[in-house]
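Engineer: Got a structure here, written out as structure tokens. Questions coming.
In full-length UniProt numbering, the protein residues as written are 1 to 804.
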């Protein structure tokens, strides 16, 4: 196992140890034991910057299921490294924040940190896996671990609801993605992402291309909360704030973004990909920002803000795919969309992570997140207010923060998209910059709502559960670091150009690389009086006006009927599924064993008969069978007559005697076929069984007429059908021998290797000695258990007698 594999698996390994640490170090917050891991991993991944910055990659393979082409292959390139740094860097800050946020006396910290480590390891596996099946395994682990984190406060109904909702939607997308992975492997013959990218032209020309593309996008859209699958993310905010800061700003919701970026070289040369990715992105961008304005809970505002920002990044990746037809490595005019997507990934993680932590601080120190109850907190929480200003202004795209730069680049990307004359962009492409600008106005409004309705205005102490005060320094460290990065990356954006942005773009758009040169990424504040700058001024101006007169026009939200809301449709859909499933289940779960046997045997007959006929598998070959003697025919008739007579017997004793006759006749078959040990076993068991049945049933009353077995044609038909199918299978199996029988091995080696003449005894004692030993062990354990129960009963009875 390489160090890279160990780095990915280390969170999962630590998750096993955390419960023991929590047990033996109860006086120390468990988070302190967890904090060093993401910090060390962040430093470890930093060392790859030199490799990826020079256009190189690191790949390590650990064999797994090599026969199926599934190996645990990890690859570090520019894109994977960017996400790995986000996962570990933000992860370390979130763990530090959680140490001061979570009360060890009230919360199950060992459980929380186990779930968090599972998620961290799963995300690292997703972004660094070069094998699609391994990626899918980690992908579903992210869904499972996020379900546990969102539902951490499982005593709350809303937490359980949000966890279930996220699980259903993201797992649905994951299964769709699995279908796409299997189709892609059919096209390419490999599960390797690197090899698949090299065969992109072969993929494009395959009939399964479009369906494969759609299935991959379903996985990406559900995970990254794209419209109409975005409804799970706001309900996921029922999780503890450290979870929201981690999952919904830097990690889980970015997994779908990562998948689209990673598969861009495979699918980008398609109008379907460009329109679906860009279209879903701008619709999500608008709907998320529009919906955020009507929220009154701070985390709800941030939730819809996250939906909107994810739509923005997704639309930029779609625009970047379209730019592949126009751009060159030295032409940043059309490639600005991809640069903006990568840059905003980082920017969003910094300002949104800090804002989630600020929200947690407000909730922690005031007891509420309702902006209708908040106000005037600036005087009580000046540091938190400063952090909120930095985060919200960056989110709104106001200079000099990093969000302004990526917002300008976003406008540029949308304008360039409208200029293209392919994919019908010359007609419909104009909608993209219009929608983008409109969504940005709403983004400005909810950003102002967040900071000014919370920290300015009149203070309402009577509406708060706690007296507000500044958070402890330990809780402020993480958001301060993130807010500092917001300013640093805003003022010095080119710190990331050659180290992070350019290598990530090379991984997303490898087809544009020429002569091994990298992308020349340069970001600056001032480009002169451009249309993008005018759009930004218009956003700020109109945003201020609309925010000022928000009560005047907020009534438009009441025009949307609740019954048509996606959440309402989701809930109704679940109820409908439940009712239909309940009715179907009641139709066959009758409570009668006979009904269940009818279902089982009917299906057995139909499916096996169909298989025999469809595969032309039935065969009847008697060339290698032994002759049937008169004695065997007589014994067979005795068994048949005895079995049929049981059905018409009027006495229980008669039925038992007839059943015994069947058993003793079977023993005679063993004698004829020279199996004396089996014959002896059969005779002993049959004798004991018949004797016990006779003793037990002797005391029962006679069978009443209504209790007698009545002939039913359906039962007879099913019974005959099962017997006929089993007979056909047995005859076909004997007549279609594809290899030598294993019995020949025993015939040849019983005397030579085991020195025995009785083949059955040698098989039981030598060839299958361990099997026989364990069978005897099981019987011995059962005997000891029976003896103990009998002894216990005798002792208990004796004690009762003594007490009397």
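Beta carbons are placed, not taken as given, at the ideal position from N, Cα and C, and that holds for glycine.
Note that the structure is a prediction, hence the values are computed from the model and not measured.
Is the beta carbon of residue 418 sitting closer than 9 Å to the one on residue 401?
Structural biologist: In the chain shown, residue 418 corresponds to position 418, counting from 1. In the chain shown, residue 401 corresponds to position 401, counting from 1. No.
Engineer: Let me check understanding here. Comparing Cα to Cα, which of 715, 204 and 506 lies closest to residue 54?
Structural biologist: Residue 54 sits at position 54 when you count from the first residue of the chain shown. That would be 506, whose Cα lies nearest to the Cα of residue 54.
Engineer: For residue 75, which beta-bridge partners are listed by DSSP?
Structural biologist: For the purposes of this step, residue 75 is identified with residue 75 of the chain shown, where counting begins at 1. DSSP output for residue 75 lists 59 as bridge partner(s).
Engineer: Going by C-alpha to C-alpha distance, which of 726, 318 and 769 sits closest to residue 282?
Structural biologist: For the purposes of this step, residue 282 is identified with residue 282 of the chain shown, where counting begins at 1. Residue 282 has its Cα closest to that of 318, out of 726, 318 and 769.
Engineer: Would you kindly report the start and end of the unbroken alpha helix (DSSP H) that includes residue 589?
Structural biologist: Indexing the chain shown from 1 puts residue 589 at position 589. From DSSP, residue 589 is part of no alpha helix (DSSP H); its letter is neither H nor E.
Engineer: The alpha helix (DSSP H) that contains residue 813, what's its start and end?
Structural biologist: Summary: the structure shown does not reach residue 813, with the chain confined to residues 1 through 804, and so no result is reported for it.
Engineer: Counting Cβ pairs, one atom from each stretch, are 3 or more of them under 8 Å apart for the region 123 to 134 and the region 227 to 235?
Structural biologist: No: the two stretches stay apart, fewer than three of their Cβ pairs being nearer than 8 Å.
Engineer: For residue 678, tell me which candidate among 758, 39 and 612 has the shortest Cα-Cα distance.
Structural biologist: Sequence index remark: in the chain shown, residue 678 carries index 678 (1-based). That would be 758, whose Cα lies nearest to the Cα of residue 678.
Engineer: When DSSP builds the beta bridges, which residues end up paired with residue 205?
Structural biologist: Here residue 205 refers to the residue found at position 205 of the chain shown. Looking at the DSSP assignment, residue 205 forms no beta bridge with any residue, so it has no partner.
Engineer: Tell me the rounded alpha-carbon separation between residue 290 and residue 557.
Structural biologist: As a working mapping, residue 290 is identified with position 290 in the chain shown. As a working mapping, residue 557 is identified with position 557 in the chain shown. Rounded to the nearest angstrom, the two C-alpha atoms are 9 Å apart.
Engineer: If we ignore side chains and look at the alpha-carbon of each, how far apart do residue 837 and residue 472 end up?
Structural biologist: Lying before the first or after the last residue shown, residue 837 is absent from the chain, which here runs from 1 to 804.
Engineer: Cα separation between residue 31 and residue 21?
Structural biologist: For the purposes of this step, residue 31 is identified with residue 31 of the chain shown, where counting begins at 1. For the purposes of this step, residue 21 is identified with residue 21 of the chain shown, where counting begins at 1. Distance between the alpha carbons of residue 31 and residue 21: 10 Å.
Engineer: Cα-Cα, which of 523, 544, 310 and 277 is closest to residue 233?
Structural biologist: Here residue 233 is taken as the residue at index 233 of the chain shown, counted from 1. The residue with the shortest Cα to Cα distance from residue 233 is 310.
Engineer: For the alpha helix (DSSP H) holding residue 167, just list the boundary residues, first then last.
Structural biologist: By 1-based counting over the chain shown, the position of residue 167 is 167. Run containing residue 167: 157 to 188, per the alpha helix (DSSP H) assignment.
Engineer: So is residue 173 buried or exposed if we call it buried at 16+ other beta carbons inside 10 Å?
Structural biologist: Locating residue 173 in the chain shown gives position 173, where the first residue counts as 1. Counting Cβ neighbours within 10 Å, residue 173 comes out buried, since at least 16 surround it.
Engineer: Helix or strand or just coil, what does DSSP make of residue 371?
Structural biologist: The count along the chain shown starts at 1 and reaches residue 371 at position 371. Residue state, collapsed to three classes: coil.
Engineer: In angstroms, rounded to a whole number, what distance separates the CA positions of residue 330 and residue 155?
Structural biologist: As a position in the chain shown, residue 330 is number 330, starting the count at 1. As a position in the chain shown, residue 155 is number 155, starting the count at 1. Any reading at residue 330 must be qualified, since the residue scores a pLDDT of 49, below 50, and its modelled position is unreliable; the value itself is stated next. Computed Cα separation, rounded: 57 Å.
Engineer: Who are the Cβ neighbours of residue 658 in its own chain at under 7 Å, not counting the five residues just before and after it?
Structural biologist: Along the chain shown, read from residue 1 onward, the residue named residue 658 stands at position 658. Counting only Cβ-Cβ distances below 7 Å, and skipping sequence neighbours, we find 642, 645, 646 and 649.
Engineer: Just the C-alpha distance for residue 515 and residue 56, rounded to the nearest angstrom, thanks.
Structural biologist: Walking along the chain shown from the start, residue 515 turns up at place 515. Walking along the chain shown from the start, residue 56 turns up at place 56. Low confidence applies to residue 515: its pLDDT is 49, below 50, so where it sits in the model is not reliable, and the reading given next is rough at best. Each residue's alpha carbon lies about 13 Å from the other.
Engineer: Quick one: what does DSSP say residue 289 is sitting in, helix, strand or coil?
Structural biologist: Residue mapping note: residue 289 aligns to position 289 of the chain shown, counting from 1. Helix.
Engineer: With a cut-off of 8 Å on the beta carbons, I'd call residue 661 and residue 638 a contact; round off their distance for me.
Structural biologist: Along the chain shown, one-based indexing puts residue 661 at 661. Along the chain shown, one-based indexing puts residue 638 at 638. About 7 Å; that satisfies the 8 Å criterion.
Engineer: If you draw a straight line from the C-alpha of residue 805 to the C-alpha of residue 338, how long is it?
Structural biologist: The shown model of the chain, from 1 to 804, leaves out residue 805, and the question about it has no answer.
Engineer: Using a 10 Å radius around the Cβ and a threshold of 16 neighbouring Cβ atoms, would you call residue 553 buried or exposed?
Structural biologist: Taking the chain shown and counting its residues from 1, the one referred to as residue 553 is at position 553. By the 10 Å Cβ count, residue 553 comes out exposed.
Engineer: Thinking C-beta only, is residue 387 closer than 9 Å to residue 523?
Structural biologist: Counting from one through the chain shown, the residue named residue 523 turns up at place 523. Counting from one through the chain shown, the residue named residue 387 turns up at place 387. No, the pair does not count as a contact, with Cβ atoms beyond the cut-off.
Engineer: With hydrogens ignored, establish whether the beta-carbon of residue 693 is closer than 8 Å to any heavy atom of the ligand GTP.
Structural biologist: This structure lacks the ligand GTP, and indeed carries no ligand of any kind.
Engineer: Taking DSSP as the reference, what is the three-state secondary structure of residue 224?
Structural biologist: Residue mapping note: residue 224 aligns to position 224 of the chain shown, counting from 1. In this structure, residue 224 counts as coil in the three-state DSSP scheme.
Engineer: What is the rounded straight-line gap between the Cα of residue 181 and the Cα of residue 191?
Structural biologist: Locating residue 181 in the chain shown gives position 181, counting from the first residue. Locating residue 191 in the chain shown gives position 191, counting from the first residue. About 8 Å.
Engineer: Are the Cβ atoms of residue 353 and residue 539 separated by less than 9 Å?
Structural biologist: If you number the chain shown from 1, residue 353 lands on position 353. If you number the chain shown from 1, residue 539 lands on position 539. Their beta carbons are not under 9 Å apart, which means residue 353 does not touch residue 539 by this criterion.
Engineer: For residue 131, which residues does DSSP report across the bridge?
Structural biologist: Working through the chain shown from its first residue, we reach residue 131 at position 131. Paired residue(s): 192.
Engineer: In this structure, does DSSP put residue 720 in helix, strand or coil?
Structural biologist: Here the question's residue 720 lines up with position 720 in the chain shown. In this structure, residue 720 counts as helix in the three-state DSSP scheme.
Engineer: Are the region 58 to 69 and the region 83 to 101 touching by the rule of at least three beta carbon pairs closer than 8 Å?
Structural biologist: Taking 8 Å as the limit for Cβ pairs, the verdict is that the region 83 to 101 does not touch the region 58 to 69.
Engineer: Using the rule of at least 16 other Cβ atoms within 10 Å of the residue's Cβ for burial, across every protein chain shown, is residue 202 buried or exposed?
Structural biologist: Position 202 of the chain shown holds residue 202. Looking at its Cβ environment, which holds fewer than 16 other Cβ atoms inside 10 Å, residue 202 is exposed.
Engineer: How about residue 807 and residue 220: are their beta carbons less than 9 Å apart?
Structural biologist: The requested residue 807 is not part of the displayed model; the chain covers only 1 to 804.
Engineer: Run through DSSP, which three-state label would residue 807 get?
Structural biologist: Here the chain covers residues 1 to 804 and nothing more, so residue 807 does not appear.
Engineer: How big is the Cα-Cα spacing for residue 534 and residue 414?
Structural biologist: One-based indexing of the chain shown puts residue 534 at position 534. One-based indexing of the chain shown puts residue 414 at position 414. Those two C-alpha atoms are separated by around 14 Å.
Engineer: Relative to the alpha-carbon of residue 599, which residue among 588, 675 and 720 has its alpha-carbon at the smallest distance?
Structural biologist: Here residue 599 corresponds to residue number 599 of the chain shown, with the count starting at 1. Nearest C-alpha to residue 599: 588.
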